Amino acid sequence: MNTIIHEAGGFVVPVLLFGAAAIIMAARQFWAPEAPRRLTTLWLVGLTVVSGAFATAVGLQASVRHVTRTGAEDGTVFLVGLYESLHNLTLALVLAAVAMLGLLAAHLRNGPQRDAPMPAE
């Protein structure tokens with residue numbers, strides 16, 4: 557795991573922070589459901605994915621810039637950069653999936669909301 561974080565680079569920090577916050581909020585929603593907390597958790601999941609995509613894009617730009625500066629002909633430098641950049645997106649998606657599973661478990665555990673309107677009969 558440390559290798560993945562190291563290879564992902566410095567832009568992985570927001571991914572990890574937003575993802576950890578989303579998982580913590582999902583766990584809190586499981587034990588004490590509140591509508592504002594559910595919405596906050598969904599925003600944190602979105603920020604996790606967006607920061608992962610942004611970090612991946614920045615990593616790809618750095619890889620292309622490095623290839624053009626070094627004049628590498630075989631493209632292996634770009635492929636290594638692509639591999640390392642995709643760690644950001646992979647971590648973001650894994651953390652988002654865990655948080656969303658936590659929200660699903662909270663929803664299934666707590667049943668229908670008390671303040672939700674009843675379906676028309």
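Under this note's numbering, the residues of the sequence shown are numbered 557 to 677, in order.
C-beta: ideal position from N, C-alpha, C; glycine also.
Quick caveat: nothing in here was measured; it's all calculated off a predicted structure.
Roughly how many angstroms separate the alpha carbons of H521 and A583, rounded to a whole number? Residue 521 lies beyond the range of the chain shown here (557 to 677); nothing can be said about it.
If we ignore side chains and look at the alpha-carbon of each, how far apart do I580 and L660 end up? 14 Å
Please classify G602: is it buried, with 16 or more other beta-carbons within 10 angstroms of its beta-carbon, or exposed? Burial check for G602: the Cβ neighbour count within 10 Å stays below 16, so the residue is exposed.
Would you grab the beta carbon distance between T597 and L645 for me? Rounded to a whole angstrom, and I think it's under 8 Å. That belief does not hold up - the Cβ atoms of T597 and L645 are roughly 20 Å apart, past 8 Å.
Between H622, T604, A655, which has its C-alpha nearest V571's C-alpha? T604
Distance, A648 Cα to S607 Cα: 8 Å
What separation, rounded to the nearest whole angstrom, lies between the Cα atoms of S619 and E563? 13 Å
If we ignore side chains and look at the alpha-carbon of each, how far apart do L664 and L595 end up? The C-alpha of L664 lies about 17 Å from the C-alpha of L595.
DSSP on G566, reduced to helix/strand/coil? coil
Given F567 as reference, the closest of L651, P592, A609, G667 once Cα atoms are compared: A609
Is it the case that the Cβ atoms of A655 and Q585 are separated by a distance below 7 Å? no
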